[in-house]
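Peer 1: There's a structure below that I have some questions on.
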Amino acid sequence: MPFPLRIVRNLLDRLAPAEPCRPAEPPLREGGVVLAALMTEAVYHRETRGLVTSLRQLHRILDLSQPAALRIAHLLSREGVLCIEENLSDRLESTVRLSPRTRERFARLALENLGEEAA
9 MPFPLRIVRN LLDRLAPAEP CRPAEPPLRE GGVVLAALMT EAVYHRETRG
59 LVTSLRQLHR ILDLSQPAAL RIAHLLSREG VLCIEENLSD RLESTVRLSP
109 RTRERFARLA LENLGEEAA
C-alpha cells in the first residue's frame, strides 16, 4: 500500500514547528526535500517490517546515486530526523534508523489518520 503524500506533508510540517530552521549545507535542491521525505518514509517502512537499513542500501532503495543518498542521510541525521549508528570497520555498513522523536511523530500521525478514516 503506498504511503499517502498527505502523511509525509504533515510529517514535514510538524518536524520542528517551534524551532527555527537553519540552512542545510549544502542546501537541498532539485527535489531534495521530497527525496528526504521519501528516505525517511523508506526507513520507517523497513523498520516496521523489522528490517535494518545501511548507508550502502539507501541509494538502491531510492534509486539515487550513492553520494546523493549519503548526503541526504547525513543532513537528516544532523537535523535529528534519522540516527546513524557508525560501523567503524566499514562506514557504508553503518545502520540508519529513525530518531525516537521522528518515530514518535510517525506514531502520532498514524493515530490521527485512523481518526480521520473512522470519521
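The opening residue of the sequence shown carries number 9 in the working numbering; numbering runs sequentially from there. A virtual CB, placed ideally from N, CA and C, is assigned to each residue, including glycine. On a predicted model such as this, the values are computed, not experimentally measured, just so you know.
Less than 6 Å between C-beta atoms, sequence neighbours within five positions excluded: which residues of the same chain meet that for I80?
Peer 2: Excluding residues within five positions, the ones whose Cβ falls inside 6 Å are L43, A44 and M47.
Peer 1: Can you tell which of R111, E49, E94 and F114 has the C-alpha that lies nearest to the C-alpha of T103?
Peer 2: Ranking the options by Cα distance to T103, first place goes to E94.
Peer 1: My output table needs one value for E93: the three-state DSSP class, helix, strand or coil.
Peer 2: It is a strand residue.
Peer 1: Pull up the DSSP beta-bridge partners for T103, would you.
Peer 2: Answer is S62 and E93, bridged to T103.
Peer 1: Taking 8 Å as the cut-off, decide whether the C-beta atoms of V41 and L90 are in contact.
Peer 2: No; because the gap between Cβ atoms is not below 8 Å, this pair is not in contact.
Peer 1: Of the choices R99, I69 and P108, whose alpha-carbon is the least far from that of E87?
Peer 2: The option with the nearest alpha carbon to E87 is P108.
Peer 1: Have a look at R113 and R54 and give me their C-alpha separation to the nearest angstrom.
Peer 2: Approximately 16 Å, taken between the alpha carbons.
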